[in-house]
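Asks: Numbered per my numbering, the sequence shown spans residues 30 to 170.
One structure follows; several queries about it will come next.
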Amino acid sequence: MQRILVLFVCLLVGKTIIANTPDTIIVHKDVRIDTLVTKQAAMNKRMLLKSSGGLVKGYRIQVITTSSRDEAFKIKSELLAKFPDQKSYILFQSPYFKVKIGNFLKREDAELLRTQLNNTFPFSVYVVDDMVEYAATGMPN
Numbered sequence: 030m031q032r033i034l035v036l037f038v039c040l041l042v043g044k045t046i047i048a049n050t051p052d053t054i055i056v057h058k059d060v061r062i063d064t065l066v067t068k069q070a071a072m073n074k075r076m077l078l079k080s081s082g083g084l085v086k087g088y089r090i091q092v093i094t095t096s097s098r099d100e101a102f103k104i105k106s107e108l109l110a111k112f113p114d115q116k117s118y119i120l121f122q123s124p125y126f127k128v129k130i131g132n133f134l135k136r137e138d139a140e141l142l143r144t145q146l147n148n149t150f151p152f153s154v155y156v157v158d159d160m161v162e163y164a165a166t167g168m169p170n
């Protein structure tokens, strides 16, 4: 019995001595992994910005909020006449019609059009966060 106990203690001490010896591990990383990680991060960023309908987070200019449907369509037709290069939208959120214009990724771009609209329309015109239409080629990285 003593022999078994001595043998057990010797094996236990020997095992702990071997376990504490320092070893080094050399990892050979493929350089293509960094490229793939960068591409995946850019793709994830784009997908975060997109909604299920293909829209991205951006800005529009809200021109008017009114309860009159006719007034909303009148303002929209004026916007189309004065700014044919910009797309305008009418959104109904009971009981109001909201008329918005533009698709901008940067707030600064929306502010430029807002200053032009302030000269044309006497009521409050302001920039709002919205989901906007934007071509995939213009997406930021």
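All residues carry an ideal CB built from backbone N, CA and C; glycine is no exception.
#1: Cβ atoms of V161 and L84: under 8 Å apart, would you say?
#2: Exposed or buried, what is R61 when buried is set at 16 or more other beta-carbons lying within 10 Å of its beta-carbon?
#3: Taking E140 as the reference, give the member of Y155, K58 and I119 with the closest Cα.
#4: Quick one: which unbroken alpha helix (DSSP H) runs of 4-plus residues sit fully inside the region 84 to 160? Chain order, please.
#5: Let me know the secondary structure DSSP gives I33 once reduced to three states.
#6: May I have the straight-line CA-CA distance separating L77 from V42, to the nearest angstrom?
#7: When we look at the beta-carbon of K135 and count the other beta-carbons within 10 Å, is it buried (16 or more) or exposed?
Replies: On the basis of the data shown:
#1: Mapped onto the sequence shown, residue 84 falls at position 55. Mapped onto the sequence shown, residue 161 falls at position 132. V161 is positioned such that its CB atom lies closer than 8 Å to that of L84.
#2: For this step, residue 61 is matched to residue 32 along the sequence shown. So R61 counts as exposed.
#3: As a position in the sequence shown, residue 140 is number 111, starting the count at 1. Here the closest residue by C-alpha is Y155.
#4: Whole alpha helix (DSSP H) segments, 4+ residues: 98 to 111 and 136 to 149.
#5: In the sequence shown, the residue the question calls residue 33 occupies position 4. DSSP, reduced to helix, strand and coil, places I33 within a helical segment of the structure shown.
#6: Residue numbering aside, residue 77 sits at position 48 when the sequence shown is read from its first letter. Residue numbering aside, residue 42 sits at position 13 when the sequence shown is read from its first letter. Here the alpha carbons of V42 and L77 stand approximately 56 Å from one another.
#7: The residue given as residue 135 occupies position 106 in the sequence shown. By the neighbour-count rule (16 or more Cβ atoms within 10 Å), K135 is not buried but exposed.
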